[in-house]
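Residue numbers (our numbering): 136 to 331.
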């Protein structure tokens with residue numbers, strides 16, 4: 136996985152040189168937000184997600200291609216009647232977006248794409264009591280979480296981009312990932328794009 140992340144990172148860094156223009160439509164993107172993650176019948180939690188990527192705009196700057204890396208940190212709720220869960224996600228994503236409606240510098244953007252990633256963490260801390268009718272005290276063993284995920288991404292948001300500025304803002308209230316292992320992940324993000 137480390138090799139894949141390294142190759143993907145080099146791909147993101149090299150993209151601006153492939154699309155060099157006098158008036159650049161290339162951006163480095165940084166985003167952060169909150170999320171809910173559910174996977175299989177026992178793995179769920181809430182947490183934060185950080186993204187780093189690259190955005191290239193096409194077709195009068197209405198269509199875009201956006202590869203990015205996501206890192207998330209999640210944990211279960213304390214009152215969900217289940218063992219504590221602490222897990223991280225590392226995901227390689229690529230999506231394309233289209234400005235469906237645009238008025239001056241504000242647009243409604245819809246996107247679709249795919250992802251491949253890993254979920255790793257710990258299920259249980261090793262000090263929970265096992266529910267039993269016996270008077271014996273038995274501690275549950277911790278279990279390691281190690282899953283490979285892939286699927287598709289859907290997102291929608293509002294983009295604010297003035298042509299004369301070197302940066303743009305994106306408010307993404309809905310970014311949805313659906314994948315194998317019954318994965319459903321919902322994020323709300325704020326993204327800053329810096330023109331190269």
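Just so you know, even glycine gets a beta-carbon here, dropped at the ideal spot from N, CA and C.
- Inside the stretch 152-231 only - beta strand (DSSP E) runs reaching at least 3 residues: 161-174, 178-193, 198-210
- Task: Would you mind stating whether residue 290 and residue 318 have Cβ atoms separated by less than 8 Å?
- Result: no
- Could you pull the start and end residues of the beta strand (DSSP E) that residue 117 belongs to? With the chain running from 136 to 331 in the structure shown, residue 117 is simply not present.
- Query: At a cut of 8 Å, does the stretch 290-307 reach the stretch 249-260 through at least three beta carbon pairs?
  - Reply: no
- Query: Secondary structure at residue 268, three-state DSSP: helix, strand or coil?
  - Reply: Residue placement at residue 268 is poorly supported in this model, since its pLDDT is 49, which falls under 50; the coordinates still yield a value, given next. Coil at residue 268, not helix or strand.
- Hey, residue 166 and residue 326: beta-carbon distance below 8 Å or not? yes
- Whose CA, out of 192, 201, 241, 191, lies closest to the CA of residue 288? 201
- Decide if residue 162 is buried, meaning its Cβ has at least 16 other Cβ atoms within 10 Å, or exposed. buried
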